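Asker: Just dropping this structure here.
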Amino acid sequence: MEITMRYRSNVLVVTLKGELDHHTADGLRQTVEKELDKDIAQHVLLNLSGLKFMDSSGLGVILGRYRRLSAQGGRMAACSLHPHIERLYELSGLPKIIPVYATEDAALTELRRE
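Numbering (the numbering used here), first residue to last: 114 to 227.
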């Protein structure tokens with residue numbers, strides 16, 4: 114899996130490409146944790162436009178980063194999900210706590226609202 118990270122003001126945008134499964138989940142966790150440890154990001158946006166597959170390990174990593182951000186007063190959102198990823202995401206119940214937006218710009222606008 115390819116992980117790209119960049120900042121848009123106080124939002125860490127994490128773009129994933131490939132498969133997020135039990136083989137790659139720990140790498141994502143470590144990469145995002147290292148970046149969050151820098152205390153630059155207040156919020157995280159997951160751009161999943163390049164994600165082709167995700168299993169429960171991937172959902173667990175996302176939920177874990179959400180818990181950390183939430184405990185620090187931050188928020189998380191996701192955007193640009195492929196239909197089969199969106200179905201898994203919805204079945205997991207994650208949209209109740211980590212909203213999904215059609216585009217990165219829409220998600221960034223919402224995350225920047227205080």
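Even for Gly, the Cβ is constructed at its ideal location relative to N, Cα and C.
All of these numbers come straight from a predicted model, not from anything done at the bench.
Cβ of K130 within 7 Å of Cβ of G163?
Answerer: Cβ distance < 7 Å, so K130 and G163 count as in contact.
Asker: Within 10 angstroms of its Cβ, does R200 collect 16 or more other Cβ (buried), or is it exposed?
Answerer: R200 comes out exposed.
Asker: Run through DSSP, which three-state label would R226 get?
Answerer: The answer is coil: DSSP assigns R226 none of H, G, I, E or B.
Asker: Beta-carbon separation of L158 and V126 under 7 Å?
Answerer: In this structure, V126 lies closer than 7 Å to L158 by Cβ.
Asker: Going straight from the alpha carbon of S193 to that of I153, what length do you get?
Answerer: Taking the straight line joining both Cα atoms gives about 24 Å.
Asker: Per the DSSP calculation, H156 is bridged to which residue(s)?
Answerer: The partner list for H156 (beta bridge, DSSP) reads V124.
Asker: Do you know how far the Cα of D134 is from the Cα of S170?
Answerer: Taking the straight line joining both Cα atoms gives about 6 Å.
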